[in-house]
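Protein chains in written order, with the UniProt record's numbering: chain A, 1 to 419; chain B, 1 to 118.
Following this line, the structure appears as structure tokens:
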């Protein structure tokens, strides 16, 4: 194998092994910053040696043994300076006697869960959580993270260093959240994953609509979480939502890069495998027997669209009911706006318009382009073209997405001028 | 990117010999690891070719020829597949190398193919 091929293979091994490695080390050392440094040291040693020696049969165990040896050296050097030493040292030596692979598999799920709860800890800023999660759980390099977010590599590197420092200063333990905190802490984790997904799915401004890398990482993290936290319905709800949304990846834009609305997409091109996975994840959420949370409800709405063979077959009455449940679980004027659309589709634009009128005084929607856009659509369908035209024009002036603006201006032009 | 890991059928699998308990356990543990890493999309074993049906078009434009199994020729048949979603070819290979020898008897073979869809 050539040196560059070996390096690419080592990169792949890192992607597969690094999260487990860091999580296992963090449990022993109670310090994720140190755990990552030691894991990186092991990687550097592998990069030096493997091109000559060949790749070992069990590279994960090799990396763990090497990192652990470094940890023991480090602890010896700092001996007695730190009260933590004895305790941590005991744990590392006990670990050394175990069958390494067995120990890895037995507890690895819990270790990974502790790790993601730590990288998404509430003491960190949202930006820091995102960067640290991509780095430690997804195994991305700072350069890859920087490119995905279109910022300088040094910015991401600094963000990660500061995040680790913050966790240290706040003495965040490497532990599972206590029972009464679990729901809140889990929602922080899900928020980070969904933020990544959305960041990838639709850039809010500029020309690009999809940034696939972030979507893929979000899906991978979500699928991972569904395995290590299988009893949490919202985890499955989020996975279901992302799988179903991803099934429309290819049909969202036309050859010119212009967005295609859900109702106009070619359903034959939707990815059936991802839809099937999404529906299965939603079923797992339901089977846990608790009321559906916001992610599962949004997934159920997405599932209604996925299951309609044609746009005309869409069960809008059911979607309207799901939006009502969603509005109760997560009150928001944007959910109300979506409910208005569903109601209009199910029962006619006049009913939708009534709901939208109530939202016009909502401060949160004051500059939100979809409010006049939706209102314009209802007015258009009711034949009130003059009012519709001014709503579309207002919506076009509010959006930051060029492609969306083009669509809205097209709708302005479609309104017949009255005599 | 998506990779299909095709497990080729050996004589024993074709003869309907059940895999050993150890292999079944090792395979299910492997699938768990794939799932826990968030890369597993689907995995399934196939019935022996005795219940297979083959449709061939030996004469372009003419009717197809339908044959029922078992298929006895040397051409390697597929006994099962695992579909994974990974970041690179090397990652697909690394995961495939972590799969247990799927057949034993010196007949184990896994073929990796990248799907055209991203």
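Cβ atoms here follow ideal geometry from the backbone N, Cα and C, with glycine treated the same way.
Opposing strand residues paired with residue i [DSSP bridges]
i	result
residue 354/A	Paired residues: none, contrary to the question.
residue 56/B	65/B
residue 5/B	82/B and 112/B
residue 42/B	83/B
residue 253/A	259/A
Outcome for residue i when other beta-carbon atoms lying within 10 angstroms are tallied against a minimum of 16
i	result
residue 284/A	buried
residue 37/A	buried
residue 298/A	buried
residue 82/B	buried
residue 119/B	The requested residue 119/B is not part of the displayed model; chain B covers only 1 to 118.
residue 50/B	exposed
residue 207/A	Bear in mind that the predicted position of residue 207/A carries a pLDDT of just 44, short of 50, making it too unreliable to give a figure here.
residue 349/A	buried
residue 98/A	Since pLDDT at residue 98/A reaches only 47, below the 50 mark, its modelled position is unreliable, and the value read off the structure follows with that caveat. Exposed is the call here.
residue 439/A	Shown here, chain A extends from 1 to 419; a query on residue 439/A therefore has no answer.
residue 193/A	buried
residue 177/A	buried
residue 111/A	buried
residue 189/A	buried
residue 255/A	exposed
residue 205/A	With a pLDDT of 38 at residue 205/A, under the threshold of 50, the modelled position of this residue cannot be trusted; read the value that follows with caution. The residue in question, residue 205/A, is exposed, as its Cβ has fewer than 16 Cβ neighbours within 10 Å.
residue 16/B	exposed
residue 335/A	buried
residue 101/A	Because the pLDDT of residue 101/A is 43, which lies under 50, any placement of that residue in the model is unreliable, and the question is left without a value.
residue 31/A	buried
residue 39/B	buried
residue 261/A	exposed
residue 104/A	A caution first: residue 104/A carries a pLDDT of 45, below 50, which makes its placement in the model unreliable, though a value can still be read off. Burial call: buried.
residue 28/A	buried
residue 106/A	Reliability fails at residue 106/A, whose pLDDT of 49 lies under 50, so the model's placement of it is uncertain and no value is given.
residue 80/A	A caution first: residue 80/A carries a pLDDT of 47, below 50, which makes its placement in the model unreliable, though a value can still be read off. Burial call: exposed.
residue 196/A	buried
Which listed residue (the options) has its alpha carbon closest to that of residue i
i	options	result
residue 42/A	31/A, 52/A, 25/A and 30/A	25/A
residue 48/B	115/B, 94/B, 60/B and 10/B	10/B
residue 59/A	306/A, 71/A, 6/A and 75/A	6/A
residue 80/B	26/B, 56/B and 43/B	43/B
residue 226/A	241/A, 212/A and 214/A	241/A
residue 318/A	327/A, 331/A, 312/A and 301/A	301/A
residue 264/A	73/A, 311/A and 150/A	311/A
residue 119/A	109/A, 130/A, 111/A and 110/A	130/A
residue 14/B	40/B, 31/B, 72/B and 3/B	72/B
residue 309/A	275/A, 290/A, 326/A and 286/A	275/A
residue 34/A	116/A, 52/A, 75/A and 141/A	75/A
residue 23/A	113/A, 72/A, 289/A and 45/A	113/A
residue 371/A	338/A, 406/A and 145/A	338/A
residue 4/A	140/A, 21/A, 54/A and 30/A	54/A
residue 32/B	98/B, 12/B, 76/B and 56/B	98/B
residue 238/A	293/A, 307/A, 160/A and 70/A	293/A
residue 365/A	333/A, 355/A and 381/A	333/A
residue 70/A	44/A, 56/A, 57/A and 50/A	44/A
residue 303/A	144/A, 201/A, 277/A and 151/A	277/A
residue 121/A	143/A, 149/A and 166/A	166/A
residue 19/A	236/A, 221/A and 126/A	221/A
residue 45/B	54/B, 6/B and 22/B	6/B
residue 50/A	78/A, 73/A, 67/A and 1/A	1/A
residue 18/B	104/B, 57/B and 117/B	104/B
residue 95/B	10/A, 153/A, 173/A and 151/A	10/A
Do the region 128-136 of chain A and the region 174-186 of chain A meet, that is, are 3 or more Cβ pairs less than 8 angstroms apart? Taking 8 angstroms as the limit for Cβ pairs, the verdict is that the region 174-186 of chain A does not touch the region 128-136 of chain A.
Pair every Cβ in the region 267-275 of chain A with every Cβ in the region 237-254 of chain A, then say whether three or more of these pairs are closer than 8 angstroms. Contact annotation: the region 267-275 of chain A touches the region 237-254 of chain A, with at least three C-beta pairs closer than 8 angstroms.
Evaluate the contact criterion for the region 64-71 of chain B versus the region 85-93 of chain B: three or more CB pairs, one atom per stretch, below 8 angstroms. Contact annotation: the region 64-71 of chain B does not touch the region 85-93 of chain B, with fewer than three C-beta pairs closer than 8 angstroms.
Tell me whether the region 13-21 of chain A and the region 56-63 of chain A touch, counting them as touching only if at least three CB pairs, one residue from each stretch, are closer than 8 angstroms. A contact exists between the region 13-21 of chain A and the region 56-63 of chain A.
Taking Cβ-Cβ distances below 9 angstroms as the criterion, which residues of the region 35-55 of chain B are in contact with chain A? Listed in sequence order: 35, 36, 37, 38, 39, 40, 41 and 42.
For the region 234-245 of chain A, enumerate the residues whose C-beta is nearer than 9 angstroms to any C-beta of chain B, in chain order. For the region 234-245 of chain A, which is checked against every Cβ of chain B, not one residue is closer than 9 angstroms.
Listed in chain order, which residues of the region 2-33 of chain A have Cβ atoms closer than 7 angstroms to some Cβ of chain B? From the region 2-33 of chain A, only 8, 9, 11, 12, 13, 15 and 16 have a Cβ closer than 7 angstroms to chain B.
Report yes or no: do three or more beta-carbon pairs, one from the region 388-403 of chain A and one from the region 53-64 of chain B, lie closer than 8 angstroms? Using a C-beta cut-off of 8 angstroms, the region 388-403 of chain A makes no contact with the region 53-64 of chain B, since fewer than three inter-stretch Cβ pairs fall below that distance.
At least three beta-carbon pairs within less than 8 angstroms, the region 370-389 of chain A to the region 326-344 of chain A: Counting Cβ pairs under 8 angstroms, three or more are found: they touch.
What are the residues in the region 211-223 of chain A lying within 8 angstroms of chain B by C-beta distance? Of all residues in the region 211-223 of chain A, only 212, 216, 219, 220, 221, 222 and 223 place a beta-carbon less than 8 angstroms from a beta-carbon of chain B.
How do the region 22-31 of chain B and the region 212-219 of chain A stand: do at least 3 beta-carbon pairs fall below 8 angstroms, yes or no? Result no; under three Cβ-Cβ pairs closer than 8 angstroms.
Examine the Cβ distances between the region 384-395 of chain A and the region 405-413 of chain A and report whether three or more of them are shorter than 8 angstroms. Yes, since at least three Cβ pairs between the region 384-395 of chain A and the region 405-413 of chain A fall closer than 8 angstroms, the two stretches touch.
Residues of the region 341-354 of chain A in Cβ contact with chain E at a cutoff of 9 angstroms, in chain order, please. Absent here is chain E; the protein component of the structure consists of chains A and B.
By the 9 angstroms beta-carbon criterion, what residues does the region 18-33 of chain B contribute toward chain A? Listed by position, the residues of the region 18-33 of chain B near chain A (Cβ gap below 9 angstroms) are 29, 32 and 33.
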